[in-house]
Amino acid sequence: MNARVLIVDDDTALLEALPEALRLRLNGVEIDTSETALDALERVREVDYDAVVSDIKLPGMDGLALLTEIKQVRPGTPTLLITGHGEHDLAVQALRGGAYDFVQKPIDRDYFVRSLERAIQVRRLDRQVDEQRVELERHAKVLQHVDRGVFLLDDAGVIRYWNPAAKAITGLDAERVVGRRADEVLPGWEAIGPEVPVATEPGPGSIAPKTLPLEIQGHELWLSISGVEFEEGVVYAFRNLTEERALDELKNDFVSTVSHELRTPLAAIYGCAQTLRREDIELAGEDEQQLLEVITQESERLTRIVGDILLANQIEAGRLRFMKQEVDLRSIAQEAIDEIRTALMARADIVFDLVAPESIVVHGDADKLRQVLLNLLDNAVKYSPAGGRIEVYLEARLNGLRMEVRDEGIGIPHGELKRIFGKFYRVDPQLIRGVGGTGLGLYICRELVRRMDGRLSVTSAEGHGSTFVVDLPLQQIRPPEPTAVSQPA
Ligand code: ADP
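In terms of the working numbering, the sequence shown is numbered consecutively and its last residue is 1021.
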């Protein structure tokens, strides 16, 4: 037995005899001896003994007082007291004081050895429990800090552990779920629980997680989840895939809208080209001109769509460079209006107004500013009714510059206002209202404005129109022109 024991007695004869007897019976036990309580206490402070044996009667500090001290210094060390024959009261006191056992003189060696052996074993088990507790605490701490949601279900389906990440992902507090059945607190668990892959052993790659939906407080969460069995239940770990999944859905919508967007101009171009090639019909000069005009317009539309996709890609890859040059914003706005007018001849009914100071000069990137205005104008036209009026309003303000594109179109539902700037996001992807688009226009605008340290915002009233506002900071501009003169475009 690998253990270390301290024997305290002022009876030197006993101090010699006892260790000998113990060494014979308890193989491998290491024994220290002390003649006084004070010396014993010093040793106990230094060494974490597996057990201490002490005579109850000692000079100076007696065995009971020593016991009290040991309890303070090493509460886990079992202490056996040796009492004189018939000293029952002392023995009782010793037990009350927390002694592990008492041995009466004359010492029954078998009893003594057995008791000491038990004490050593108890101490060893205590130590193991302590180590396991520390280990468990360490694991629990790790689980507190991992970014995956972790929860533990016992065999009865009751949640026994719920880590902070699980709370952060689901919004459900540990107090609300721990101690309750998973199918009570996680709506839909009854159906998805059996679908979750559960491994019998932990280990990397042992089982691939599955992406499953869980409806929590009216929100659909997509979780990538798997479990590992253990003796009393299953530990589940999950990640939130809701956003990735939403983006996937948007991408799917994007692919179908873009293919639609590309197919329409291509069909028009193809149709016109076929007509021009026909030899069996003689086209009048102006008809031919009109067909060529359609081809040009539709090609431009294709170029714009492809341009948007490439630009969004460049933004994503951080490959955009911004120039700092002196730019007259008024002429940029005028150019943008003219470009849109030519590009959208089919919407010749739209009236454009430019309200701006005579000159409004910024230090910025002319191409990017034009791009922002073109996208906002393109939308304003797309979502305007026949004969609608669109106003581009420019204003030099005290601490910055403001550009607004105002329309009288269909407006944007309140609940959509935050989302329309998202990549690929379209309010009407099914084209119920028949207006196409890639869902990239506003994303591009927002990203370009952000990179110019500005801010893009929107106010809108459904059925009445929308106003998109670009605020650029002061460093982009020169001191503002004092007056704003309204001039028709
Ligand atoms: P899209 O190519 O679909 O126009 P955008 O990113 O430019 O993509 O716009 C996202 C969504 O915002 C559009 O699908 C549309 O529903 C809405 N939207 C943008 N501008 C306007 C506007 N001026 N009036 C009404 N709705 C608009």
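Glycine included, C-beta positions come from ideal geometry on N, C-alpha and C.
It should be emphasised that the depicted structure is a prediction, and the values quoted were computed from it without experimental measurement.
* **Leu-815: CB within 7 Å of a non-hydrogen atom of the ligand ADP** => Checking the Cβ of Leu-815 against the ligand ADP gives no.
* Out of Ala-868, Ala-700, Val-537, point me to the one whose CA is closest to Ser-647's CA. => Among Ala-868, Ala-700, Val-537, the Cα nearest to that of Ser-647 is on Val-537.
* To do: For Val-645, I'd like the list of residues in its chain whose CB is within less than 6 Å of its CB, leaving aside the five on either flank, ordered along the chain.
  => Arg-557, listed in sequence order.
* Going by the C-beta, is Lys-914 closer than 7 Å to any heavy atom of the ligand ADP? -> Result yes, Cβ under 7 Å from the ligand ADP.
* **Neighbour-count burial assignment, Val-561, 16 or more Cβ in a 10 Å radius** => Classified as buried, Val-561 has 16 or more neighbouring CB atoms from the shown chains inside 10 Å of its CB.
* Asked: Residues bridged to Ala-535 by DSSP?
  -> According to DSSP, which records beta bridges pairwise, Ala-535 is partnered with Val-561.
* Using only alpha-carbon positions, find the residue among Ala-672, His-792, Ala-918 that is nearest to Ile-837. => Ranking the options by Cα distance to Ile-837, first place goes to His-792.
* Identify whether Lys-914 lies in helix, strand or coil by the three-state DSSP scheme. => Judged by DSSP in its simplified three-state form, Lys-914 adopts helix.
* Asp-885: beta carbon under 7 Å from a heavy atom of the ligand ADP? -> No, the Cβ of Asp-885 stays beyond 7 Å of every heavy atom of the ligand ADP.
* Asked: Under the rule that 16 or more other beta-carbon atoms within 10 Å means buried, what is Gly-608, buried or exposed?
  -> Counting the other Cβ atoms within 10 Å of the Cβ of Gly-608 gives fewer than 16, which makes it exposed.
* Which residue spans inside the stretch 564-647 form an unbroken beta strand (DSSP E) run of at least 3? -> For secondary structure counted as the beta strand (DSSP E) over 3 or more consecutive residues, the stretch 564-647 holds these complete runs in sequence order: 583-587, 611-615, 633-636.
* Asked: Out of curiosity, what's the CA-to-CA distance linking Asp-860 and Ala-880?
  -> Those two C-alpha atoms are separated by around 27 Å.
* Asked: Using DSSP with H/G/I as helix, E/B as strand and the rest coil, what is Asp-1003?
  -> Strand.
* Asked: Exposed or buried, Gln-660, counting other C-beta atoms within 10 Å across all chains shown (16 or more means buried)?
  -> The C-beta of Gln-660 has fewer than 16 other C-beta atoms within 10 Å across all chains shown, which makes the residue exposed.
* To do: Kindly provide the ranges of any alpha helix (DSSP H) runs that are 4 or more residues long and lie completely inside the stretch 646-710, ordered along the chain.
  => Counting whole runs of 4 or more residues, the stretch 646-710 contains the alpha helix (DSSP H) stretches 696-702, 706-709.
* Whose C-beta lies closer than 7 Å to the C-beta of Val-981 among residues of the same chain, with five residues either side of it excluded? -> For Val-981, where only same-chain residues beyond five positions count, the Cβ hits under 7 Å are Val-904, Arg-987, Leu-988, Val-1002.
* 6 Å Cβ shell around Ala-769 - same chain, five flanking residues per side excluded -> Hits under 6 Å: Arg-680, Val-682.
* **Coil, strand or helix - Tyr-957 by DSSP** => DSSP, read as helix, strand or coil, puts Tyr-957 in coil.
* To do: Give the DSSP-derived three-state secondary structure of Arg-833 in the structure shown.
  => In this structure, Arg-833 counts as helix in the three-state DSSP scheme.
* **Run of the alpha helix (DSSP H) containing Thr-970, from where it starts to where it stops** => For Thr-970, no alpha helix (DSSP H) run applies, since DSSP gives it neither H nor E.
* Does any C-beta atom of chain C lie closer than 8 Å to the C-beta of Ala-700? -> You won't find chain C in this structure, because it holds only one protein chain.
* Candidates Trp-694, Ala-706, Gly-750, of which the one nearest Leu-720 by Cα -> Here the sequence assigns Gly to residue 720, which means Leu is not the residue at that position. Considering only alpha carbons, the answer is Gly-750.
* Whose C-beta lies closer than 8 Å to the C-beta of Thr-991 among residues of the same chain, with five residues either side of it excluded? -> Excluding sequence positions up to five before and after Thr-991, its CB lies within less than 8 Å of the CB of Ser-998, Thr-999, Val-1001, all in the same chain and listed in chain order.
* To do: Write down every uninterrupted run of the beta strand (DSSP E) in the stretch 813-879 whose length is 3 residues or greater and which is fully enclosed by it, in chain order.
  => Within the stretch 813-879, the complete beta strand (DSSP E) runs of at least 3 residues are 857-860.
* Under the three-state reduction of DSSP, which class applies to Lys-1022: helix, strand or coil? -> In the structure as shown, the chain starts at 533 and stops at 1021, and residue 1022 therefore has no counterpart that could be examined.
* To do: Determine contact between the stretch 857-876 and the stretch 887-900, defined as no fewer than three beta-carbon pairs at a distance below 8 Å.
  => By the criterion of at least three beta-carbon pairs nearer than 8 Å, the stretch 857-876 is in contact with the stretch 887-900.
* Taking all protein chains shown into account, do 16 or more other C-beta atoms lie within 10 angstroms of the C-beta of Gly-947, making it buried, or fewer, making it exposed? -> Under this definition Gly-947 is an exposed residue.
* To do: May I ask whether a heavy atom of the ligand ADP can be found less than 7 Å away from the beta carbon of Thr-970?
  => At least one heavy atom of the ligand ADP is found less than 7 Å from the C-beta of Thr-970.
* Asked: Taking the continuous beta strand (DSSP E) assigned at Gly-920, which residues delimit it?
  -> It is not in any beta strand (DSSP E) - Gly-920 carries neither H nor E in the DSSP assignment.
* **DSSP-derived helix/strand/coil call for Gly-932** => Of the three classes helix, strand and coil, the one that applies to Gly-932 here is strand, per DSSP.
* **Reduced DSSP category for Asp-885 - H, G, I as helix; E, B as strand; rest coil** => Here Asp-885 sits in strand by DSSP.
* Asked: Does the Cβ-Cβ distance between Val-913 and Ile-882 come in under 8 Å?
  -> Remark: C-beta atoms of Val-913 and Ile-882 approach each other more closely than 8 Å.
* Buried or exposed: which applies to Ala-849, given that a residue is buried once 16 or more other Cβ atoms fall within 10 Å of its Cβ? -> When all chains shown are included, Ala-849 counts as exposed.
* Asked: Cβ-heavy atom distance between Gly-750 and the ligand ADP below 7 Å?
  -> False, no ligand heavy atom lies under 7 Å from that Cβ.
* To do: Determine the contact status of Thr-544 and Val-584, defining contact as a CB-CB distance below 8 Å.
  => It is not a contact, given that the beta carbons lie outside the stated cut-off.
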